[in-house]
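Just so you know, we're using this note's numbering here: the sequence shown kicks off at 24 and counts up by one.
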Amino acid sequence: MLEPQGWPLRRLCPDEHEELASQQRQAAKEQIYTKTRAQDYTNNLDFLNKGAVVQCNNCQTTLDANKKFCPECGTPNVAAQTKEKFCADCGASVKPGQRFCAECGKPQ
Ligand SMILES: [Zn+2]
Ligand SMILES: [Zn+2]
Numbered sequence: 024m025l026e027p028q029g030w031p032l033r034r035l036c037p038d039e040h041e042e043l044a045s046q047q048r049q050a051a052k053e054q055i056y057t058k059t060r061a062q063d064y065t066n067n068l069d070f071l072n073k074g075a076v077v078q079c080n081n082c083q084t085t086l087d088a089n090k091k092f093c094p095e096c097g098t099p100n101v102a103a104q105t106k107e108k109f110c111a112d113c114g115a116s117v118k119p120g121q122r123f124c125a126e127c128g129k130p131q
């Protein structure tokens, strides 16, 4: 049985265009959706980071939790200084706020 040449192409082309356009619309939607979700995710991270922000005990300036001193007044940031430190001289554990090494007496 002979089919007229080009008939399937003429028949398929509009459908394929329609299908492609539909897929592109769907892909665009998904991209927007993914972007939105990515933004939400980042916002959540920002929110979590904000939770870690602390205020200076002295001047109430907002401090990064990992900054050791207030950039405004130089007051030690307690939250950042609760991390254990070690004496540069003898390697002994030095507690936050400890001014001299308990092992070797070196100023910290
Ligand atoms: Zn301060
Ligand atoms: Zn020491």
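The beta-carbon is built from N, C-alpha and C at its ideal position, and this holds for glycine as well.
By a C-beta neighbour count over all protein chains shown, 10 Å radius and 16 as the cutoff for buried, is residue i buried or exposed?
i    : result
N89  : exposed
C79  : buried
C113 : exposed
What would DSSP say about residue i, mapped onto helix, strand or coil?
i    : result
K108 : strand
Q121 : coil
Q54  : helix
Q131 : coil
S116 : strand
Q83  : coil
Measuring only the C-alpha atoms, how far is residue i from residue j?
i    : j    : result
I55  : P119 : 48 Å
A115 : Q83  : 33 Å
D87  : Q49  : 42 Å
A103 : R122 : 16 Å
Could you check whether the Cβ of residue i sits closer than 9 Å to any Cβ belonging to chain B?
i    : result
K129 : Annotation note: the requested chain B is absent from the structure, which comprises a single protein chain.
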